[in-house]
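Below is one structure; the comments refer to it alone.
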Amino acid sequence: MRSLHRLFGIAVLLVASTSVLLCPASHAVEHAILQRHCSKCHTGDEPEGGFHLDMLGGGVTRDSREYWQSSMEYVSLGDMPPSEDSKVTETERQQIAEYIRDVVLARDADVAADYQIPTRRLNNREFANSISDALGIEDPGTHFPLGNLLGDTLHDGFDTNGDVLGISEYHLEQYVDTVREIVDAIVLTGERTPSQRYEVPSALLQMSSLNQRTTRRQSAGRNSDSLEFRDMRLQMSFENFKEVPTTGYYRIKIRATGVDRGYYDSEQTGVYDGDPIRLSIHFGDRVRTYELPDNEVKEIELTEWLAKGTRIELSYPTDGLRKRGNGNFKFQQSIAHDHIKENDPELYEKVVSKIRPKKAGGRNLRVNHWSYWVDYWRGPRPRVFSADVEGPIYKSWPPERQVALVGESPNAHNAEEILKPIAERAWRREVRDGELDPLVRLVSMRQKELGDLEAIKEGIVAIFVSPSFLLINPEGASHPDRFATKLSFFLQSTLPSDALRDFVRAGKLDDYPSVRNAIVEYFTSNRGDEFLDEFPQGWLQLDRINFMAPDPDHFAHYHRKGVSDDMIAEAKRFFRHAIETNMPLPEMLTANFSFINADLAEVYGVDDVPEDSILRRYEFTDQRRGGMLGMGAFLTLTADSLGTSPIHRAVYVLENFMGIKPSPPPGDVEIQEPDVRQAKTIKEILAAHIAEETCASCHRSIDPYGYAFENFDPMGAWRDAYVQVSVSEPVSEAKVPKRKKSVEKQFELPIDASATFRNGNSYDDIVGFRGLMRDEANQKQFVRCFVKKLLVYANGVEPEDTAAVEEIVLKSAENDYRIVDTIAVVVDSPLFREP
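Take the sequence shown: its letters are residues -28 to -1, 1 to 807, numbered as in mature numbering (1 follows the signal peptide of the UniProt record, and there is no 0).
As structure tokens, then:
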């Protein structure tokens, strides 16, 4: 099996071959050990796993280096040589590990002197942040100017990998169009447009579908003085203000309140009494969200720079109101039926006997059908009374932001003076002599056709479609500018400020203490929030959480309460806490706490949590949860819709916590479907699948990292047994002609969450596995993995200098592997700074 190259350190066995290069006299002892413990299985006509020692050639090369690296890690962890097949002693194992390390380090030392991070394109996040900062604006605009850009491809969760961030002619065409749209919304031409006021009374408020954008008027929720959100799927807009007519500042006032919070039990609505009712205001993809007081009118006032064509829309953000029926919001209306039937018999009789026949229109609908009760539903909701829009508003003309960018009276003759400061911000360096000459000529040429201001805009567009802006780590940049750029994109995903560039040029970030102080300042001032959000997103591959989401019929709570959002928020809040407290990295795996809310508490089986959506620190006492190994995000994204796979979870642990990437099964291996009729556990079923020695040799090293989690179902909830559902034939079709009903029978299979690693270590359950993850070798491996993930995020490429990585790990150990200190060591290392 080809994955032996990576998984089990087969590359190690190369030293047992006849190669003089790899077996010098100084390593005769190691050579003898390898001959004794490895050559038996991996020589001859049918070597184990289809791998022969001769396949690796005569030394560590760029192509084989990753196999040697994995070999070193697996031998260090004790997985190779396998204890069940070899009588290797611990002393011999250490000798093998040290030998491989020496071979790898020798090769890495040869290439380290020429180490330079490859150039890559800005991803879309970085593009949006950078062009906004360079132009001095909040965001690229409210008119979706980035909508035509190609989406970024993720590589192992990250959007910073250089292998997938190339640039093509099509990219450039899209960048030109995008930058023009952005610049057009900043630099305005023509005469000043007078301001107008648009009063929007309740009668001119209208609802439309989030998906279909229809403008069909909704009668439900319309009162004499207001319009209510009786359907969370709808958006509210203004009938007499369809979209922004002219770019500029607009003052928006909205009068609204929250009504009927707590009127129905939260078990019915899915909205916790502890959560306020909120109203979101959308300006394109810019969103402002406000909490509304209960039964008290609040006037929301805000001023926003809006691009021509922007729609202003309101929405009701909630993860509730989908608890009934199949989760469709309309089934919430039947709560009114239940409540009125119990509490207002007179109204109930009126609806049933008088209103129902009129609405039914000859249809034979059940009495609690949502359509009869929608007008009486009193779930928690926003009520909007009116709105007022005024604009465009300019304190001066041209607008201040335009004057700050190009001056009050820009002229093509002073194009270089105008473009130079923009270029230096955008290009993250000083402009070289003559470098702007082509842009100045472009402006001069376009001025004859377009006039001064439009020609200047073309020069600005050219700055932002230049490789100097679009590419990170370009050749030729000075070392200080290169380091300042890398640090800023690492922590903020945007170009460096002038202050940071000056700081670096002055040598004030030339050592570890100054780097650490700077990083702490970034995090405490919230300037590092982009890193706190995006790094764990990529490292933990949180984008995959709903790739195979739990089945909605069997795990309704997950879908109806949007629990995946809570799980992602939990992981990011935990990571932020680790940064805030400078937590030792190994504790992140096995800590006895996490941050949960009421929705997560239901999944985790926790009772003493306040009934609201706020994430709070909670300490688990059962030793099963806490830290990353107990998080729903990890347990869910590694499961299938109806079942779990120890292999999927094992691979995730290996790749993201241990830093070892198993290869998939080779395509030429024929996998026969086994006979599992006599199997009593999932482990027995999997054992039948891997009975072939070709597969078993790999799975013996992979699977122990996954069996420990088998007590967690696809949603991450604890289970004591597998529950299998058997569906019988439909019953009495004659009695149920329209909808065939089936009888479901449930039976249980016991869970075996125990396993033994190839080094002989074993565990009985998740508690035992967590204990093993606390041993020194696994802790160090986790830190090493974290360091490599940081470098991939920062550099866009896997680090190849093992010695430099090990040096970072050793320095991290001096500070108990604390996370902030480790990040600072990484930034101060040659792998980040570059020689």
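We put the beta carbon where it would ideally sit given N, CA and C, even for glycine.
Residue i vs residue j beta-carbon contact at 8 Å
i	j	result
residue 209	residue 283	yes
residue 571	residue 633	no
residue 249	residue 359	no
residue 247	residue 234	no
residue 167	residue 439	no
residue 557	residue 684	no
residue 97	residue 444	no
residue 459	residue 799	yes
residue 311	residue 285	no
residue 575	residue 687	yes
residue 212	residue 172	yes
residue 561	residue 540	no
residue 780	residue 759	yes
residue 603	residue 543	yes
residue 242	residue 292	yes
residue 809	residue 374	The structure shown does not extend to residue 809, since the chain spans only -28 to 807, so no value can be given for it.
residue 605	residue 674	no
Contact set for residue i: own chain, Cβ-Cβ below 6 Å, skip 5 residues either direction
i	result
residue 457	400 and 468
residue 681	621
residue 679	618, 725 and 727
residue 495	551
residue 465	97, 98, 101 and 502
residue 524	531
residue 477	452
First and last residue of the uninterrupted alpha helix (DSSP H) at residue i
i	result
residue 740	738 to 744
residue 239	238 to 241
residue 172	Per DSSP, residue 172 belongs to no alpha helix (DSSP H); it is in the beta strand (DSSP E), 168 to 172.
residue 799	791 to 800
residue 424	424 to 436
residue 390	387 to 399
residue 264	Per DSSP, residue 264 belongs to no alpha helix (DSSP H); it is in the beta strand (DSSP E), 258 to 264.
Residue i classed as buried or exposed, judged by whether at least 16 other C-beta atoms fall within 10 angstroms
i	result
residue 705	Here the model assigns residue 705 a pLDDT of 36, short of 50, so the residue's position is not dependable and the matter cannot be decided.
residue 784	buried
residue 332	exposed
residue 455	buried
residue 599	buried
residue -15	Low local confidence applies: a pLDDT of 34 at residue -15 is under 50, so the model's placement there is unreliable, with the coordinate-based value given in what follows. So residue -15 ends up on the buried side.
residue 122	exposed
residue 655	buried
residue 658	buried
residue 156	buried
residue 351	buried
residue 471	exposed
residue 734	exposed
residue 162	exposed
residue 369	exposed
residue 417	exposed
Range of the contiguous beta strand (DSSP E) that encloses residue i
i	result
residue 223	220 to 231
residue 271	270 to 278
residue 253	249 to 255
residue 573	Careful: residue 573 lies outside any beta strand (DSSP E), inside the alpha helix (DSSP H) at 570 to 576.
residue 590	588 to 591
residue 207	206 to 210
Residues near residue i in its chain [Cβ-Cβ closer than 7 Å; skip 5 each side]
i	result
residue 795	491 and 762
residue 188	Residue confidence for residue 188 is low, a pLDDT of 49 falling below 50, so the modelled location carries little weight; the figure read from the coordinates is stated next. Cβ neighbours of residue 188 beyond the five flanking positions: none.
residue 306	296, 340, 342 and 345
residue 382	390, 424, 425 and 428
Close-in-space but distant-in-sequence residues of the same chain around residue i (CB under 8 Å, 5 per side omitted)
i	result
residue 275	221, 222, 223, 224 and 365
residue 648	Low confidence applies to residue 648: its pLDDT is 47, below 50, so where it sits in the model is not reliable enough to give any reading.
residue 811	With the chain covering only -28 through 807, there is no way to say anything about residue 811.
residue 396	402 and 403
Any 3 or more C-beta pairs closer than 8 Å across the segment 435 to 455 and the segment 743 to 753: Contact between the segment 435 to 455 and the segment 743 to 753 is absent: fewer than three C-beta pairs spanning the two stretches fall below 8 Å.
Validate contact between the segment 193 to 209 and the segment 378 to 389 using beta carbons, cut 8 Å, 3 pairs: No: fewer than three Cβ pairs fall under 8 Å.
At least three beta-carbon pairs within less than 8 Å, the segment 589 to 598 to the segment 551 to 568: Contact between the segment 589 to 598 and the segment 551 to 568 is present, because at least three Cβ pairs lie under 8 Å.
Inter-stretch contact (C-beta, 8 Å, three-pair minimum) for the segment 132 to 142 and the segment 491 to 504: Note that the segment 132 to 142 does not touch the segment 491 to 504; fewer than 3 beta-carbon pairs, one per stretch, sit closer than 8 Å.
At least three beta-carbon pairs within less than 8 Å, the segment 214 to 231 to the segment 346 to 362: Yes: at least three Cβ pairs fall under 8 Å.
Cβ contact (3+ pairs, closer than 8 Å) linking the segment 275 to 282 and the segment 251 to 265: Result yes; three or more Cβ-Cβ pairs closer than 8 Å.
At least 3 beta-carbon pairs within less than 8 Å: the segment 422 to 438 vs the segment 148 to 158: Using a C-beta cut-off of 8 Å, the segment 422 to 438 makes contact with the segment 148 to 158, since at least three inter-stretch Cβ pairs fall below that distance.
The segment 510 to 530 in contact with the segment 126 to 133 per 3-pair CB rule at 8 Å: Touching, yes.
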